[in-house]
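Asks: One structure is given below, represented as structure tokens, and several questions about it will come after.
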Amino acid sequence: MEQKTFEVIRSDEEWRRRLTPEQYDIMRRHGTERAGSCALNYEKRPGTFSCAGCGQPLFTSKKKFESGTGWPSFNDPIGSAVETSDDSSYGMVRTEVHCSRCGSHLGHVFEDGPPPTHLRYCINGVAMNFTPET
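Here numbering that gives the first Met the number 0 is used: the first residue of the sequence shown is 0, the next is one more, and so on.
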């Protein structure tokens, strides 16, 4: 990811205190959770998915779909809540998705999603919190 100043800035020590070890590995070290391991993959209630690092709303349940990949998948984020950068790790070229407010790694976006966007935001569930509609 190119150098950018984010609205939410924390030291590495602060991130370690705020996040679980799994969240820290995924969100700050660009890891990936095991497919099918997060309950948010199966979340069906209406509501909002927000960044576990800073609380920024990222996706709504209206844009969530079953991709069969084992990770929560969405076809469109909320406004400019996420940003992308090139990721050439592990010998692959992919587009990384990160929170536009704190820079935390969320997952990747692919061009094999359903209409109308044809995008699939494949997001690590532990990188998000879910708030059901009231």
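Idealized CB from N, CA, C, for every residue including glycine. Since the structure is predicted, the reported quantities are computational estimates derived from the model, not experimental observations.
Using the three-state DSSP reduction, which class does ARG100 fall into: helix, strand or coil?
Replies: ARG100 sits in coil when the DSSP states are folded into three classes, being neither helix nor strand.
Asks: Measuring CB to CB, does HIS104 end up less than 8 Å from ILE25?
Replies: yes
Asks: Specify the secondary structure class of SER84 as computed by DSSP and reduced to three states.
Replies: strand
Asks: Per DSSP, what are the beta-bridge partners of GLY78 in this structure?
Replies: Answer is none; GLY78 lacks a bridge partner.
Asks: Among the candidates ARG16, LEU18, CYS37, ALA126, whose CA atom is the shortest distance from the CA of GLY69?
Replies: CYS37
Asks: In the DSSP assignment, what are the bridge partners of ILE122?
Replies: The partner list for ILE122 (beta bridge, DSSP) reads GLY106.
Asks: If you drop the 5 nearest sequence neighbours on each side, which residues of the same chain put their C-beta closer than 6 Å to that of PHE48?
Replies: So the qualifying residues of the chain are LEU57, PHE58, MET127, PHE129.
Asks: Would you kindly report the start and end of the unbroken alpha helix (DSSP H) that includes MET26?
Replies: 20–28
Asks: Can GLY52 and CYS101 be called in contact, C-beta distance under 8 Å?
Replies: yes
Asks: Under three-state DSSP, which class holds GLU6?
Replies: Look at GLU6 here: in three-state DSSP terms it is coil, with no helix or strand label.
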